[in-house]
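Each remark here refers to the structure printed beneath this line.
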Amino acid sequence: MRVPCPHCGERDVAEFRYGGDASKMRPTHDTGDLKQWHDYKFVFDNPKGPHLEYWQHVYGCRQWFKLNRNTATNEIIGGEK
Ligand SMILES: [Zn+2]
Numbered sequence: 047m048r049v050p051c052p053h054c055g056e057r058d059v060a061e062f063r064y065g066g067d068a069s070k071m072r073p074t075h076d077t078g079d080l081k082q083w084h085d086y087k088f089v090f091d092n093p094k095g096p097h098l099e100y101w102q103h104v105y106g107c108r109q110w111f112k113l114n115r116n117t118a119t120n121e122i123i124g125g126e127k
């Protein structure tokens, strides 16, 4: 699979690290609701199809970015910084 880094261009997937679901909203630090934090950290969907994800170019520029990837076909639909 080839991953398009927004800073370096297209590279092999071995240079990258998956960073999780980018569509989830992180709770604010001042929230005392532990259920919100639990759900954010440990409850995941397992979507089949387009999915917004965090990726890091570990063996390149080390920048984090969002990637819209089809989880069924690994097709890269789009990305953003
Ligand atoms: Zn890069």
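Each residue of the sequence shown is one higher than the one before, starting from 47 at the first, in our numbering.
Ideal Cβ positions, reconstructed from N, Cα and C, are used throughout, including at glycine.
I'd like to confirm something about G106: is its beta-carbon nearer than 8 Å to some heavy atom of ligand 1, or not?
yes
Given that a residue counts as buried once 16 or more other Cβ atoms are within 10 Å of its Cβ, and exposed if not, what is C51?
Result: buried.
Are any of the Cβ atoms in chain D nearer than 9 Å to that of Q109?
The displayed structure is made up of one protein chain only, and chain D is not part of it.
Check whether the Cβ of H84 sits closer than 8 Å to any heavy atom of ligand 2, and report yes or no.
Because ligand 2 does not appear in the structure shown, any question about it cannot be addressed here, the ligands present being ligand 1.
Where does Y64 fall in DSSP's three states?
Reduced to three states, the DSSP call for Y64 is strand.
For the alpha helix (DSSP H) containing K94, name the first residue and the last one.
That residue, K94, is in no alpha helix (DSSP H); it is neither H nor E in DSSP.
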